[in-house]
Amino acid sequence: GAVVSQHPSWVICKSGTSVKIECRSLDFQATTMFWYRQFPKQSLMLMATSNEGSKATYEQGVEKDKFLINHASLTLSTLTVTSAHPEDSSFYICSARSETSLYTQYFGPGTRLTVL
Amino acid sequence: DAKTTQPPSMDCAEGRAANLPCNHSTISGNEYVYWYRQIHSQGPQYIIHGLKNNETNEMASLIITEDRKSSTLILPHATLRDTAVYYCIVRVAGYNQGGKLIFGQGTELSVKP
Numbered sequence: 011g012a013v014v015s016q017h018p019s020w021v022i023c024k025s026g027t028s029v030k031i032e033c034r035s036l037d038f039q040a041t042t043m044f045w046y047r048q049f050p051k052q053s054l055m056l057m058a059t060s061n062e063g064s065k066a067t068y069e070q071g072v073e074k075d076k077f078l079i080n081h082a083s084l085t086l087s088t089l090t091v092t093s094a095h096p097e098d099s100s101f102y103i104c105s106a107r108s109e110t111s112l113y114t115q116y117f118g119p120g121t122r123l124t125v126l
Numbered sequence: 142d143a144k145t146t147q148p149p150s151m152d153c154a155e156g157r158a159a160n161l162p163c164n165h166s167t168i169s170g171n172e173y174v175y176w177y178r179q180i181h182s183q184g185p186q187y188i189i190h191g192l193k194n195n196e197t198n199e200m201a202s203l204i205i206t207e208d209r210k211s212s213t214l215i216l217p218h219a220t221l222r223d224t225a226v227y228y229c230i231v232r233v234a235g236y237n238q239g240g241k242l243i244f245g246q247g248t249e250l251s252v253k254p
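Next up, the structure:
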């Protein structure tokens with residue numbers, strides 16, 4: 011139980027294009043999902059909290075117009091990196107919070123984004 | 142959420158118990174201790190969590206001191222596949238508490254044959 015998937019697992023795009031990453035909770039409903047970013051040799055940094063049916067809450071320093079988050083259903087949240095640049099290349103990881111087990115977060119496998 | 146302190150790295154022999162310490166001296170009464178691990182290039186994996194009692198599951202045991210200022214994650218029989226970065230995080234549980242997980246640098250555990 012408590013499986014979270016992400017798609018795609020890796021993506022390469024040209025500078026200036028937009029990339030959409032999907033995060034799905036496969037066997038539970040998640041009213042809240044989270045998006046993290048991880049650069050090489052660094053820890054995970056929380057980007058935003060995604061709430062089903064409402065606007066995402068972004069952490070300080072994260073551009074909400076660049077990283078668009080949509081949480082349209084209880085099992086799906088998407089992160090769109092708009093007008094991507096090489097400095098956006100990173101490992102993007104989502105998590106979904108289970109409403110059982112004291113709202114433990116379960117993580118997806120991550121998406122490796124490379125912007126050329 | 143309370144800050145945690147972990148050693149940056151540890152080694153463990155395969156088949157032996159791995160004991161990973163974590164200090165959380167400013168933990169509040171309603172904060173839980175969570176442990177996750179991240180194997181290279183994968184998303185973090187939930188291991189275990191607890192409030193004040195010791196906890197055990199199929200993956201590990203969590204020992205929390207009586208004053209709750211520190212804890213130890215125990216992998217009873219470490220294998221090579223347990224090589225990963227282990228994160229100790231304290232946070233308030235419950236829907237209305239926000240639920241953010243703030244990751245520190247963790248402990249890089251290397252299990253050696």
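Residue numbers (the working numbering), protein chains in the order written: chain A, 11 to 126; chain B, 142 to 254.
Beta carbons: idealized from backbone N, C-alpha and C, even for Gly.
It should be emphasised that the depicted structure is a prediction, and the values quoted were computed from it without experimental measurement.
According to DSSP, simplified to helix, strand and coil, what is R157/B?
coil
What residues are listed by DSSP as bridge partners for R47/A?
M55/A and Y102/A
Can you name the residues of chain B whose CB is closer than 7 Å to the CB of S53/A?
F244, G245, Q246 and G247
Thinking C-alpha only, which one of I22/A, A94/A, L84/A and G120/A is nearest D37/A?
L84/A
Is there a Cβ of chain B sitting closer than 9 Å to that of Q70/A, yes or no?
no
Rounded distance between the beta-carbons of T224/B and S251/B, thought under 8 Å
6 Å
Quick one: list the residues of chain A neighbouring Q260/B, beta-carbon separation under 8 Å, in chain order.
Because residue 260/B is not part of the residues shown, which for chain B are 142 to 254, the question remains open.
List the residues that DSSP assigns as beta-bridge partners of P151/B.
Per the sequence shown, the amino acid found at residue 151/B is Met instead of Pro. DSSP lists L250/B as partners of M151/B.
Give a yes or no on whether the C-beta atoms belonging to I86/A and C33/A are separated by under 9 Å.
Checking the sequence shown, residue 86/A turns out to be Leu, not Ile. Yes, the pair counts as a contact, with Cβ atoms nearer than the cut-off.
Using C-beta distances below 6 Å, list every residue in its chain close to Q186/B, excluding the 5 sequence neighbours before and after it, in chain order.
R178
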